[in-house]
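Chemist: Residue numbers (this note's numbering), protein chains in the order written: chain A, 53 to 359; chain B, 44 to 334. We put the CB at the ideal spot given by N, CA and C, even for glycine. Values in this document were obtained by computation on a predicted structure and should not be read as measured data. Pasting a structure here, questions to come.
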Amino acid sequence: MRRRRLWSLLALAVALALPLLAPHAEYLLDVAFLVLLYGAMATGWNVLGGFAGQVSFGHAAFLGIGAYTAAILVAQGWPIWATALPAGALAALYSLIIGWPTFRLRGPYFSIATIGIGEATRLVALNWTSLTGGASGLTLSAAPSPATQYYAALALCCGAVGAAAWIQSSRFGYALAAIRSDTDAAETLGVDTTLAKTQALAISAFILGVAGCVYAMHYLFISPDSVFGFSTSIALVVMPIVGGLGTVLGPLLGAAVFTVLREQLEANFQNLDLLVFGVLLCAIVLFEPAGLLGIFNGLRQRWRKHS
Amino acid sequence: MDLLTTLVSALLVAGLYATMSYGLALIYGVLKIINLANAGLLMLGAYVTWWLWSAWHLDPLLAPLIVVPLFFAFGVVLEITLVRRVIDREPIVSLLLLFGLWLILQNVSYLIWTGDTRSIDTKFVDATLDIGGMRLAWPRVYVFGAGALTLWALTAFLSKTHAGRAIRAVAQDRDAAKLVGIDVGRVNAMAFGLGVALTGFGGSLLSLLFSFNPDFGRALSLKSFCIVVLGGLDSFAGVAFGALALALAEGFGLRYMPAALQNLISFVVLVVVLIVFPKGIAGLIRSIRRA
Numbered sequence: 053m054r055r056r057r058l059w060s061l062l063a064l065a066v067a068l069a070l071p072l073l074a075p076h077a078e079y080l081l082d083v084a085f086l087v088l089l090y091g092a093m094a095t096g097w098n099v100l101g102g103f104a105g106q107v108s109f110g111h112a113a114f115l116g117i118g119a120y121t122a123a124i125l126v127a128q129g130w131p132i133w134a135t136a137l138p139a140g141a142l143a144a145l146y147s148l149i150i151g152w153p154t155f156r157l158r159g160p161y162f163s164i165a166t167i168g169i170g171e172a173t174r175l176v177a178l179n180w181t182s183l184t185g186g187a188s189g190l191t192l193s194a195a196p197s198p199a200t201q202y203y204a205a206l207a208l209c210c211g212a213v214g215a216a217a218w219i220q221s222s223r224f225g226y227a228l229a230a231i232r233s234d235t236d237a238a239e240t241l242g243v244d245t246t247l248a249k250t251q252a253l254a255i256s257a258f259i260l261g262v263a264g265c266v267y268a269m270h271y272l273f274i275s276p277d278s279v280f281g282f283s284t285s286i287a288l289v290v291m292p293i294v295g296g297l298g299t300v301l302g303p304l305l306g307a308a309v310f311t312v313l314r315e316q317l318e319a320n321f322q323n324l325d326l327l328v329f330g331v332l333l334c335a336i337v338l339f340e341p342a343g344l345l346g347i348f349n350g351l352r353q354r355w356r357k358h359s
Numbered sequence: 044m045d046l047l048t049t050l051v052s053a054l055l056v057a058g059l060y061a062t063m064s065y066g067l068a069l070i071y072g073v074l075k076i077i078n079l080a081n082a083g084l085l086m087l088g089a090y091v092t093w094w095l096w097s098a099w100h101l102d103p104l105l106a107p108l109i110v111v112p113l114f115f116a117f118g119v120v121l122e123i124t125l126v127r128r129v130i131d132r133e134p135i136v137s138l139l140l141l142f143g144l145w146l147i148l149q150n151v152s153y154l155i156w157t158g159d160t161r162s163i164d165t166k167f168v169d170a171t172l173d174i175g176g177m178r179l180a181w182p183r184v185y186v187f188g189a190g191a192l193t194l195w196a197l198t199a200f201l202s203k204t205h206a207g208r209a210i211r212a213v214a215q216d217r218d219a220a221k222l223v224g225i226d227v228g229r230v231n232a233m234a235f236g237l238g239v240a241l242t243g244f245g246g247s248l249l250s251l252l253f254s255f256n257p258d259f260g261r262a263l264s265l266k267s268f269c270i271v272v273l274g275g276l277d278s279f280a281g282v283a284f285g286a287l288a289l290a291l292a293e294g295f296g297l298r299y300m301p302a303a304l305q306n307l308i309s310f311v312v313l314v315v316v317l318i319v320f321p322k323g324i325a326g327l328i329r330s331i332r333r334a
């Protein structure tokens with residue numbers, strides 16, 4: 053345990069010092085930013101999909117609501133950093149409205165309904181032109197410096213991973229784990245499963261909403277097809293599963309692999325990244341449900357046995 | 044007159060919706076898994092038809108003769124190599140596996156056929172039929188006929204043939220089917236193959252009506268899920284009924300809302316039905332009859 057804390061502090065120190073160590077390596081900082089942003093998003097998805105076992109194919113909706121909230125408030129004269137909290141809060145509020153009907157559905161039915169939610173939210177954003185600017189999207193004027201953006205993503209990611217670590221070892225986390233393995237049994241044991249699932253969804257949506265604010269700060273342009281797009285929802289499912297479903301660090305690992313792979317492949321072969329991820333997803337579901345983190349842990353154990 | 048037009052066009056659309064949903068219902072009924080790769084298979088059916096037409100000058104109306112056996116074989120191979128491994132695990136595992144398969148199909152198609160929008164353009168595709176002042180597009184009428192014929196053929200196959208009865212037995216009770224000596228593994232492979240073949244057939248028919256790219260099928264698949272849930276997930280007559288209900292809801296909904304929001308209707312219907320009648324309309328009727 054102490055050793056683990058030491059490692060996390062070391063990782064944090066390296067992460068904090070990265071912009072100072074590499075003041076001119078803009079590409080490196082950009083990739084690191086994306087890893088942190090996507091890592092936070094994947095961690096947020098994992099709170100519901102991994103810990104509680106409720107796989108959502110529509111989580112882009114919350115990212116989009118956060119991003120649009122930030123962009124609209126900035127247009128009203130708010131500083132971008134002040135929009136983070138409203139962005140998260142509005143996404144969480146939206147998740148409550150959605151959670152009420154959809155959590156009556158179980159397992160695969162819930163997952164199918166979330167495809168509909170993602171699509172419905174995108175359609176509303178696309179057609180509510182007076183608020184969202186429709187298909188032409190919204191543009192933000194000034195970008196904070198790359199280092200500021202990087203630190204914002206770092207803070208977001210630390211917050212998300214910290215929340216996930218806390219949830220996993222809390223009473224609430226045990227309730228979610230019980231729901232994941234057997235909802236009826238959890239109910240019998242006295243867990244209010246609908247309440248626990250709704251709370252997990254709200255936390256998950258809050259993290260994605262704040263991530264939407266950081267997203268808007270970086271890209272400066274948001275449109276229904278970028279933030280609400282189905283490809284965003286796909287990425288949110290794939291990253292945690294490839295990394296390690298229901299673990300604290302798995303989603304971050306998955307996000308790192310996803311981002312680096314995409315950066316490498318996208319320039320040369322369009323769509324090859326998603327193909328690779330489809331194959332990875334199938335392989336992991338079939339052979340190693342614990343994901344890359346599981347493979348890593350297995351290797352470490354084997355190595356320890358030998359030495 | 045206006046009302047009649049809406050009704051007739053809803054009926055034609057219902058035939059189309061039913062055709063693209065039978066495969067999903069068959070696979071759910073027998074294997075109890077939701078085929079999330081449905082959208083990818085619809086898209087593939089459309090592309091194979093297009094490819095046969097553009098490269099080999101095969102009439103798209105004859106394409107199902109090749110598409111159906113090809114997709115049947117593909118489905119059997121998929122069941123034996125992939126689906127079989129996860130069938131006894133939690134439902135979410137098979138859902139994720141088939142989701143991964145969808146990603147693979149979609150992105151392989153991007154590599155082969157690029158993201159350009161394709162469409163099939165023959166004399167037949169543009170032909171219209173005049174009935175009492177109403178102009179109906181021939182392909183729509185044809186697709187409706189094909190959907191109705193498929194329903195008839197499926198029902199006959201499932202009730203008259205030995206293989207069909209074995210499929211129904213496994214759908215009703217897997218363990219009891221095993222006890223009477225049915226090879227459940229073989230039935231699963233056959234049902235999955237048949238389901239994939241039906242979806243491919245649906246995709247082939249859709250290519251006559253719509254232009255498509257590798258992302259084709261996502262919105263339509265959502266409609267299929269809605270229809271299959273409406274119909275109670277395992278009965279074909281229920282699927283046909285669900286298709287009609289959705290087509291009517293869309294047809295009349297569009298009179299009061301902008302066309303851009305058409306896809307919202309299926310989602311709203313899906314959520315409302317899932318919440319109000321978890322067993323679908325067919326289940327509701329069954330429970331009323333019993334009472």
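Look at the alpha carbon of residue 97 of chain B and the alpha carbon of residue 91 of chain B, and state the distance between them as a whole number of angstroms.
Modeler: Residue 97 of chain B and residue 91 of chain B: Cα-Cα distance of roughly 10 angstroms.
Chemist: Closer than 7 angstroms between beta carbons: that is the criterion. Which residues of the region 152-184 of chain B meet it against chain A?
Modeler: Of all residues in the region 152-184 of chain B, 153 and 154 have a Cβ within less than 7 angstroms of some Cβ in chain A.
Chemist: Quick check on DSSP: helix, strand or coil for residue 291 of chain A?
Modeler: Three-state DSSP puts residue 291 of chain A in a helix.
Chemist: Measure the beta-carbon distance from residue 119 of chain A to residue 274 of chain A and round it to whole angstroms, keeping in mind my assumption that it falls under 8 angstroms.
Modeler: Right, the Cβ-Cβ distance comes to about 5 angstroms (below 8 angstroms), so this counts as a contact.
Chemist: Taking DSSP's pairing of strands, which residues face residue 255 of chain B in a bridge?
Modeler: Partner(s): B:161.
Chemist: Determine, using beta-carbon pairs with one atom in the region 137-155 of chain A and one in the region 244-258 of chain A, whether at least three such pairs fall under 8 angstroms.
Modeler: The region 137-155 of chain A is in contact with the region 244-258 of chain A.
Chemist: Look at the alpha carbon of residue 284 of chain B and the alpha carbon of residue 181 of chain B, and state the distance between them as a whole number of angstroms.
Modeler: Taking the straight line joining both Cα atoms gives about 23 angstroms.
Chemist: Along the chain, which unbroken stretches of the alpha helix (DSSP H) at least 4 residues long are found entirely within the region 162-209 of chain B?
Modeler: Complete alpha helix (DSSP H) runs here, min 4: 166-169 and 181-203.
Chemist: Cα-Cα, which of A:206, A:175, A:272 and A:73 is closest to residue 126 of chain A?
Modeler: Looking at the Cα atoms, A:272 is the closest of the given residues.
Chemist: Residue 145 of chain B CB to nearest chain A CB: under 9 angstroms?
Modeler: So yes, residue 145 of chain B belongs to the interface.
Chemist: Could one say the Cβ of residue 255 of chain B lies closer than 9 angstroms to chain A's Cβ atoms, at least one of them?
Modeler: Chain A, which has no Cβ nearer than 9 angstroms to the Cβ of residue 255 of chain B, makes this no.
Chemist: Compare the C-beta of residue 179 of chain A against all C-beta atoms of chain B and say whether one is closer than 9 angstroms.
Modeler: Closer than 9 angstroms: yes.
Chemist: Is residue 114 of chain B helix, strand or coil by DSSP?
Modeler: Three-state result, residue 114 of chain B: helix.
Chemist: Which residues in chain B sit within 8 angstroms of residue 107 of chain A, going by Cβ to Cβ distance?
Modeler: In chain order: 135, 138 and 139.
Chemist: Between residue 263 of chain B and chain A, is there a C-beta pair that is closer than 9 angstroms?
Modeler: By this cut-off, residue 263 of chain B is not an interface position.
Chemist: Quick check on residue 217 of chain B - is its C-beta less than 9 angstroms from some C-beta in chain A?
Modeler: Taking Cβ atoms only, chain A never reaches closer than 9 angstroms to residue 217 of chain B, which makes this a no.
Chemist: For residue 130 of chain B, which of B:267, B:249, B:270 and B:232 has the nearest alpha-carbon?
Modeler: Checked all of B:267, B:249, B:270 and B:232; the closest Cα to residue 130 of chain B is B:232.
Chemist: Under 7 angstroms Cβ to Cβ from residue 207 of chain B, same chain only, skipping five residues before and after it: list those, please.
Modeler: Excluding residues within five positions, the ones whose Cβ falls inside 7 angstroms are 200 and 201.
Chemist: Let me make sure I understand the geometry here. Which of A:83, A:87 and A:82 has the alpha-carbon closest to that of residue 303 of chain A?
Modeler: That would be A:87, whose Cα lies nearest to the Cα of residue 303 of chain A.
Chemist: Does residue 142 of chain B come out as helix, strand or coil in the three-state DSSP assignment?
Modeler: Reduced to three states, the DSSP call for residue 142 of chain B is helix.
Chemist: With a cut-off of 8 angstroms, do at least 3 Cβ pairs link the region 74-82 of chain B to the region 139-154 of chain B?
Modeler: Judged by Cβ distances under 8 angstroms, the region 74-82 of chain B makes contact with the region 139-154 of chain B, as three or more pairs qualify.
Chemist: Evaluate residue 215 of chain B with the Cβ neighbour count: other Cβ atoms within 10 Å of its Cβ, from every protein chain shown; 16 or more gives buried, anything less gives exposed.
Modeler: By the 10 Å Cβ count, residue 215 of chain B comes out exposed.
Chemist: Answer with buried or exposed for residue 125 of chain B, where buried requires no fewer than 16 other C-beta atoms within 10 angstroms of its C-beta.
Modeler: Residue 125 of chain B is buried by the Cβ-count criterion.
Chemist: Under 9 angstroms, Cβ to Cβ, is there at least one residue of chain B near residue 330 of chain A?
Modeler: Chain B contact via Cβ: present.
Chemist: Are any of the Cβ atoms in chain A nearer than 9 angstroms to that of residue 98 of chain B?
Modeler: Chain A contact via Cβ: absent.
Chemist: Here's a check: name, in chain order, each residue in its chain whose Cβ is nearer than 7 angstroms to the Cβ of residue 157 of chain A, leaving out the five neighbours to either side.
Modeler: 165.
Chemist: Expressed to the nearest angstrom, what Euclidean distance is found between the alpha-carbon atoms of residue 189 of chain A and residue 285 of chain A?
Modeler: Taking the straight line joining both Cα atoms gives about 19 angstroms.
Chemist: Measure the alpha-carbon distance for residue 347 of chain A versus residue 299 of chain A and round it to whole angstroms.
Modeler: The alpha-carbon atoms of residue 347 of chain A and residue 299 of chain A are separated by roughly 13 angstroms.
Chemist: Beta-carbon within less than 7 angstroms of residue 145 of chain B's beta-carbon, same chain only, minus the 5 sequence neighbours each way: which residues are those?
Modeler: Answer for residue 145 of chain B: 79, 80, 82 and 83, listed in chain order.
Chemist: So residue 210 of chain B and residue 234 of chain B are supposed to be a Cβ contact under 8 angstroms. How far apart are they, rounded?
Modeler: That pair is a contact at about 5 angstroms.
Chemist: Which value, in whole angstroms, describes the spacing of the CA atoms of residue 135 of chain A and residue 113 of chain A?
Modeler: For residue 135 of chain A and residue 113 of chain A, the distance between alpha carbons rounds to 18 angstroms.
Chemist: Less than 8 angstroms between the CB atoms is what I'm expecting for residue 89 of chain B and residue 287 of chain B, so what's the real figure, rounded?
Modeler: The Cβ separation is near 23 angstroms, so there is no contact.
Chemist: If contact means a Cβ-Cβ distance below 8 angstroms, which residues of the region 150-163 of chain A contact chain B?
Modeler: The residues in question are 153, 154, 156, 157, 159, 160, 161 and 163.
Chemist: Can you have a look at residue 264 of chain B and say buried or exposed, based on whether 16 or more other CB atoms are within 10 angstroms of its CB?
Modeler: By the 10 Å Cβ count, residue 264 of chain B comes out buried.
Chemist: Excluding the 5 residues preceding and the 5 following residue 334 of chain B in the sequence, name in chain order all residues of the same chain whose CB lies nearer than 7 angstroms to its CB.
Modeler: The predicted position of residue 334 of chain B is uncertain, since its pLDDT is 49 and thus under 50; a value taken from the coordinates is nonetheless stated next. Counting only Cβ-Cβ distances below 7 angstroms, and skipping sequence neighbours, we find nothing.
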